[in-house]
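In this note's numbering, the protein residues as written are 21 to 98.
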Amino acid sequence: ESVTVSGLLVGMDILTAIKAYEKKADLFIIPSNCLNEDGLFLDDISLSDLTQLSGRRVIATPSPISVLPKTIRKELIK
Numbered sequence: 021e022s023v024t025v026s027g028l029l030v031g032m033d034i035l036t037a038i039k040a041y042e043k044k045a046d047l048f049i050i051p052s053n054c055l056n057e058d059g060l061f062l063d064d065i066s067l068s069d070l071t072q073l074s075g076r077r078v079i080a081t082p083s084p085i086s087v088l089p090k091t092i093r094k095e096l097i098k
C-alpha cells in the first residue's frame, strides 16, 4: 500500500482551512484517501466531527479525481 500526500492530511488542519474560508460555501469535498478504513483522519477526527465543528457539510469523494463530477451531481440532488 502506498502513502499519498492527501492521506497525510489531518482533520484539524482541514477544519482550520474550512473556518478560514470566508466565502459562502455549504459543501466541502475532500479525497476519501484522507480517511482510514474506520472513516477517521490520522488525528482520529471523523467527517461527521468536521461537519459538526465547522458548521458546514464535509463529504469524501473516492479517487480518481475523474469521479468528482459524479459526486457533485449526487450531492446537488440531495
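Glycine is no exception: its CB is placed at the ideal position from the N, C-alpha and C atoms.
Just so it is clear, the structure is predicted and the values come from calculations on it, not from any experiment.
Pro-89 to Leu-96, Cα distance in whole Å?
11 Å
Whole angstroms is fine: what's the gap from Ala-45's alpha carbon to Arg-76's?
8 Å
Can you check DSSP and say which residues form a bridge with Phe-48?
Val-78
Where the alpha helix (DSSP H) containing Glu-95 begins and where it ends:
88–97
Counting only the same chain and skipping the five closest in sequence on each side, list residues whose C-beta sits under 6 Å from that of Thr-71.
Arg-77, Val-78
Helix, strand or coil: which one does DSSP assign to Ser-66?
strand
Paired residues, beta bridge with Leu-55 - DSSP
Bridge partners of Leu-55: none, in fact.
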